[in-house]
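Q: Here this note's numbering is used: the first residue of the sequence shown is 127, the next is one more, and so on.
Just so it is clear, CB atoms sit at the ideal spot from N, CA and C, and this is done for glycine as well.
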Amino acid sequence: MDVVNPQLGKTVYDPCCGTGGFLIEAYKHFLTQSPTATQIRDLKTEIVWGREDATEAIPIALANMVLHEIDSPKIWHGNTLTGTATFADLFTGVPAQFDYVLTNPPFGSKEGKDAQAQFSFKCGKAQILFLQHIIDSLAEDGTCGMVIDEGVLFHTKTAAYRQTKRKLLDECELWCLISLPQGVFVNAGAGVKTNLLFFTKGRATQRVWYYDMTLKDDFSPRKVNKSNPLTIADFKDFFQRLRLPPEDPERVSERSWYVDAETVKAKDFDLKANNENAPDLSDKRTTAELIRIIAEAQREIAAGLEALKK
127 MDVVNPQLGK TVYDPCCGTG GFLIEAYKHF LTQSPTATQI RDLKTEIVWG
177 REDATEAIPI ALANMVLHEI DSPKIWHGNT LTGTATFADL FTGVPAQFDY
227 VLTNPPFGSK EGKDAQAQFS FKCGKAQILF LQHIIDSLAE DGTCGMVIDE
277 GVLFHTKTAA YRQTKRKLLD ECELWCLISL PQGVFVNAGA GVKTNLLFFT
327 KGRATQRVWY YDMTLKDDFS PRKVNKSNPL TIADFKDFFQ RLRLPPEDPE
377 RVSERSWYVD AETVKAKDFD LKANNENAPD LSDKRTTAEL IRIIAEAQRE
427 IAAGLEALKK
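(1) Quick one: what's got a C-beta closer than 8 Å to Tyr-287's C-beta in the same chain, skipping five residues either side?
(2) Going by Cα to Cα distance, which pick from Gly-271, Arg-348 and Gln-289 is closest to Gln-308?
(3) When we look at the beta-carbon of Glu-237 and count the other beta-carbons within 10 Å, is it buried (16 or more) or exposed?
(4) May I have the straight-line CA-CA distance separating Thr-285 from Asp-179, to the nearest angstrom?
(5) Please report the residue range of the alpha helix (DSSP H) in which Val-117 lies.
(6) Measuring only the C-alpha atoms, how far is Gly-135 from Pro-405?
(7) If you draw a straight line from the C-alpha of Asp-197 to the C-alpha of Gly-204, how long is it?
(8) What residue range is occupied by the uninterrupted alpha helix (DSSP H) comprising Arg-167?
(9) Could you check whether the region 293-307 touches the region 321-333, counting it as contact only if at least three pairs of C-beta atoms, one from each stretch, sit closer than 8 Å?
(10) What is the DSSP secondary structure of Lys-239, reduced to helix, strand or coil?
(11) Assuming Val-390 contacts Val-334 under a Cβ cut-off of 8 Å, what Cβ separation, rounded to an integer in Å, is found between them?
(12) Per DSSP, Phe-224 is paired with what?
(13) For Leu-323, does the three-state DSSP call read helix, strand or coil?
(14) Does the structure place the region 260-273 close enough to the region 227-243 that three or more beta carbon pairs sit under 8 Å?
(15) Got a sec, what are the start and stop residues for the alpha helix (DSSP H) Thr-210 sits in?
(16) With respect to the alpha helix (DSSP H) encompassing His-155, which residues constitute its N-terminal and C-terminal limits?
(17) Can you check DSSP and say which residues form a bridge with Leu-303?
(18) Taking DSSP as the reference, what is the three-state secondary structure of His-203?
(19) Quick one: residues in its chain with C-beta nearer than 7 Å to the C-beta of Ile-184, no 5 flanking neighbours on either side, listed in chain order?
(20) With DSSP as the reference, label Arg-425 as helix, strand or coil.
(21) How many whole angstroms separate the CB atoms of Val-367 and Ser-353, which I take to be in contact at a CB cut-off of 8 Å?
(22) Below 9 Å between beta carbons: does that hold for Gln-244 and Thr-290?
(23) Tell me which same chain residues have a C-beta within less than 8 Å of the C-beta of Arg-329, skipping the five on either side of it?
(24) Just tell me which of Arg-411, Asp-409 and Val-385 has its CA closest to the CA of Ala-399.
(25) Got a sec, what are the start and stop residues for the beta strand (DSSP E) Val-138 sits in?
(26) Between which two residues does the alpha helix (DSSP H) containing Val-174 stretch?
(27) Assign Gly-268 to one of two classes, buried (16 or more other C-beta atoms within 10 Å of its C-beta) or exposed (fewer than that).
(28) Would Phe-311 and Asp-128 be called neighbours here (beta carbons separated by less than 9 Å)?
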């Protein structure tokens, strides 16, 4: 939320909102900006909008929003990608486009021909269709922050993948890509490696600023699991560098770097984060050195066994 930083008076949209987490966080973020009574009324009735297909998630989302004092939850029940509504009455007055999109499209989800027919670049991978939907749903100068499966970034063999990523770079400025470690969403039952994308519609991408969260501050690999989750404290260095002007040389480090759009296009729109700035921490010991270490360890073990025998 702090990266996108939605501003009062602007609309927020999540096309696959689940139980409404992103929308509620946006609402809470707006409340920190000292809204007037009129702005608070608007926040409760016409600022945050969401769509969700899972029937079991809808009552939870509605209850969640009401509990957070959003008086008129704008939740559309149905398949966002086909446009088929199960219940759309709460979406009365929906704007054609939105100022902010905050979302996490489902990993591994597949869509059939009904959904693909709604989009220029047809593919069964739901995240590719969602990415097209998000770009089209953004107003001019609108900004998106989203979670995406890393496979979408590096896959180049399918035309729809390349064409969708071309659309992203041509119609939007992809100004930040964060490479997350494996297992960030393991508590949600998804072990797939993911990334965070941040882009603004209305100007083409010139270069992408990458940040590698797979490394810790000491540049060792970051291990994430159920007992060791990724927390906001782990993003301290990222936020410090994000606040610097893009041209500041301190933006670049062992964990962050720039890639120009032409390089991405030359690689058939492979957007995967490949950190060439990371220090080489691989084991440099020679075979002879390792043999000496093993031999010394064996001598220590043998001496210990002799002591035990005595």
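A: If we stick to the structure as given:
(1) These residues qualify, in order along the chain: Cys-249, Lys-251, Ile-254, Val-278, His-281 and Phe-395.
(2) Nearest C-alpha to Gln-308: Arg-348.
(3) Its Cβ being crowded by 16 or more others within 10 Å, Glu-237 is buried.
(4) Note on residue identity: the sequence assigns Ala, not Thr, to residue 285. Straight-line Cα distance between these residues: approximately 27 Å.
(5) Absent from the structure is residue 117, since the part of the chain shown begins at 127 and ends at 436.
(6) A direct Cα-Cα distance of roughly 45 Å separates Gly-135 from Pro-405.
(7) Straight through space, the alpha carbons of Gly-204 and Asp-197 are spaced by roughly 21 Å.
(8) For Arg-167, the enclosing alpha helix (DSSP H) stretches over residues 163-171.
(9) Yes, since at least three Cβ pairs between the region 293-307 and the region 321-333 fall closer than 8 Å, the two stretches touch.
(10) In the three-state reduction of the DSSP assignment, Lys-239 falls in the helix class, which pools H, G and I.
(11) With a Cβ gap of about 7 Å, Val-390 and Val-334 count as contacting.
(12) DSSP lists Leu-264 as partners of Phe-224.
(13) Assignment of Leu-323 by DSSP, reduced to helix, strand and coil, places it in the strand class.
(14) Between the region 227-243 and the region 260-273 there are three or more C-beta pairs closer than 8 Å, enough to call the two in contact.
(15) Careful: Thr-210 lies outside any alpha helix (DSSP H), inside the beta strand (DSSP E) at 210-213.
(16) Looking at the DSSP string, the run of the alpha helix (DSSP H) that includes His-155 is 147-157.
(17) Listed as beta-bridge partners of Leu-303 by DSSP are Leu-323 and Tyr-336.
(18) Three-state result, His-203: strand.
(19) Excluding positions up to five away in sequence, the list reads Glu-178, Ile-201 and His-203.
(20) The answer is helix: DSSP assigns Arg-425 an H, G or I state.
(21) Residue 367 is actually Arg in this sequence, not Val. With a Cβ gap of about 29 Å, Arg-367 and Ser-353 do not count as contacting.
(22) No, these two residues do not count as a Cβ contact at 9 Å.
(23) Contacts found: Cys-298 and Glu-299.
(24) Of Arg-411, Asp-409 and Val-385, the residue nearest in Cα terms is Val-385.
(25) Membership of Val-138 in the beta strand (DSSP E) is indicated by the continuous run 138-140.
(26) No alpha helix (DSSP H) contains Val-174, which is instead part of the beta strand (DSSP E) from 174-178.
(27) Buried, by the Cβ-count rule.
(28) Against a cut-off of 9 Å, the Cβ pair of Asp-128 and Phe-311 comes out as no contact.
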